[in-house]
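For any residue, its number in my numbering is found by taking its place in the sequence shown, counting from 1, and adding 2.
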Amino acid sequence: MQHKEQRTGHNKKNTEVKYRRAVVTFLDILGFGNLVKKGTAKDVAAVLSAISKFALTEDSDEFDETSAFSVGFSDSIVRVRFLDGANERYSTGHVLNEILDLCHIQGELIPYDVIIRGGITVGDIYLKNRTIFGPAMVRAYELESKAAIYPRVVIDPVVLNSVRIDPLLRRQGNNGDEEISAIRKLIDRGDSGLWFVDYLRTIFGELDDPDLWPEVLESHKRLVIKRYAEKDSRTSYLDKLLWLAIYHNKVVSEIPDEAFLACGVKRSSFELKTKEIPELARMPKRTPAFNE
Numbered sequence: 003m004q005h006k007e008q009r010t011g012h013n014k015k016n017t018e019v020k021y022r023r024a025v026v027t028f029l030d031i032l033g034f035g036n037l038v039k040k041g042t043a044k045d046v047a048a049v050l051s052a053i054s055k056f057a058l059t060e061d062s063d064e065f066d067e068t069s070a071f072s073v074g075f076s077d078s079i080v081r082v083r084f085l086d087g088a089n090e091r092y093s094t095g096h097v098l099n100e101i102l103d104l105c106h107i108q109g110e111l112i113p114y115d116v117i118i119r120g121g122i123t124v125g126d127i128y129l130k131n132r133t134i135f136g137p138a139m140v141r142a143y144e145l146e147s148k149a150a151i152y153p154r155v156v157i158d159p160v161v162l163n164s165v166r167i168d169p170l171l172r173r174q175g176n177n178g179d180e181e182i183s184a185i186r187k188l189i190d191r192g193d194s195g196l197w198f199v200d201y202l203r204t205i206f207g208e209l210d211d212p213d214l215w216p217e218v219l220e221s222h223k224r225l226v227i228k229r230y231a232e233k234d235s236r237t238s239y240l241d242k243l244l245w246l247a248i249y250h251n252k253v254v255s256e257i258p259d260e261a262f263l264a265c266g267v268k269r270s271s272f273e274l275k276t277k278e279i280p281e282l283a284r285m286p287k288r289t290p291a292f293n294e
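As structure tokens, this is what we get:
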């Protein structure tokens, strides 16, 4: 009889395990393992701080359901923004804020030659006491591992479609078109129509000192050159690096001439050239990775 009562209690506890709908991001921290092997403890700590400062853990003293929660697995991170709770009372634009956070994270990682690749989706997930699982986590992982391919964070098509029809994904008072318009300023469209986080261009508008954008661009250029110098013989690695170089040059090409003149610098100083990455000579002027 006692055993039966224990089983009944156990089953009752299980029924309390429920999925919650959320914006979910799966991130792979590219270059982190190499940094741990070759970098200083100070650099490793700085990278971990940059990643963690834009999310909370469940046991954080600053618990806030409108913020992202994160769970780490080695060099991978899962970020979760729940749509219920506080967000139901006053929606803050979880998709827009998640993209902005990812831009800030990548911006702070550039000086350490660390890049993020990942996927963002919307769906059901369970997160409690660092136990995390659910269809949205699987989908976000699939986006990172199979769809992203290059060092970028791709956005599940269901995300933008959901923003149009679900007020819980938008900032309070915004309709679908208004929120999508704001989001599209932070993203770019790649191969097969897949949208990805346009972190480099977005970072410029997020700087506390707008005049620092040349330093960010120069730092990003150094990152690409350094990663190229460390390249291995795998064709897939070189393809990913070339994508990053082309993305960099695309951003440079779209900065107005007036911006360079105002800072007293030349556009050519920030462009990645064939003398730095010879394989760029074989690439078309407009890569399919950025076809509309």
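Where a beta carbon is used, it is the ideal one built from N, C-alpha and C, also for glycine.
Excluding sequence positions up to five before and after glycine 178, its CB lies within less than 8 Å of the CB of Val165, Arg166, Ile167 and Arg172, all in the same chain and listed in chain order. Per the Cβ contact rule, the segment 198-213 is in contact with the segment 246-253 (3 or more Cβ pairs under 8 Å).
Counting along the chain, the unbroken beta strand (DSSP E) around aspartate 126 starts and ends at 117-130. Burial check for glutamine 108: the Cβ neighbour count within 10 Å reaches 16 or more, so the residue is buried. Unbroken beta strand (DSSP E) stretches of 3 residues or longer found wholly inside the segment 35-106: 71-75 and 78-84, given in chain order. Within the same chain, Cβ atoms closer than 8 Å to the Cβ of arginine 141 are found at Val26, Gly121, Thr123, Gly125 and Asp158, the five residues on either side in sequence being excluded.
For isoleucine 185, the enclosing alpha helix (DSSP H) starts and ends at 178-186. Closest in alpha carbon position to proline 212, among Cys265, Pro280 and Ile53, is Cys265.
By the Cβ neighbour-count rule, aspartate 259 is exposed, with fewer than 16 other Cβ atoms within 10 Å of its own. In the three-state DSSP reduction, threonine 276 falls in the coil class, being neither helix nor strand. Ranking Ser183, Lys242 and Glu217 by CA distance to the CA of phenylalanine 272 puts Glu217 first. The three-state reading of DSSP puts aspartate 190 in strand, counting E and B together. At the C-beta level, leucine 246 and tyrosine 143 stay beyond 8 Å of one another. By the Cβ-count criterion, phenylalanine 75 is exposed, with fewer than 16 other Cβ atoms from all chains shown falling within 10 Å of its own Cβ. Take the alpha-carbon of valine 73 and the one of isoleucine 79: they are about 6 Å apart.
The Cβ neighbour count for arginine 83, taken over all protein chains shown within 10 Å, is at least 16; the residue is labelled buried. Judged by pairs of C-beta atoms under 8 Å, the segment 125-136 does not touch the segment 46-58, as fewer than three such pairs exist. Boundaries of the beta strand (DSSP E) around alanine 24: 22-32. Within a 10 Å sphere around the beta-carbon of asparagine 89 sit 16 or more other beta-carbons, which makes this residue buried.
Under DSSP, tryptophan 197 shares a beta bridge with Ile157 and Arg191. Arginine 173 sits in a strand when the DSSP states are folded into three classes. Under DSSP, phenylalanine 135 forms a beta bridge with Tyr128. Your pair glutamate 256 and histidine 106 does not check out as a contact, with CB atoms roughly 21 Å apart and the cut at 8 Å.
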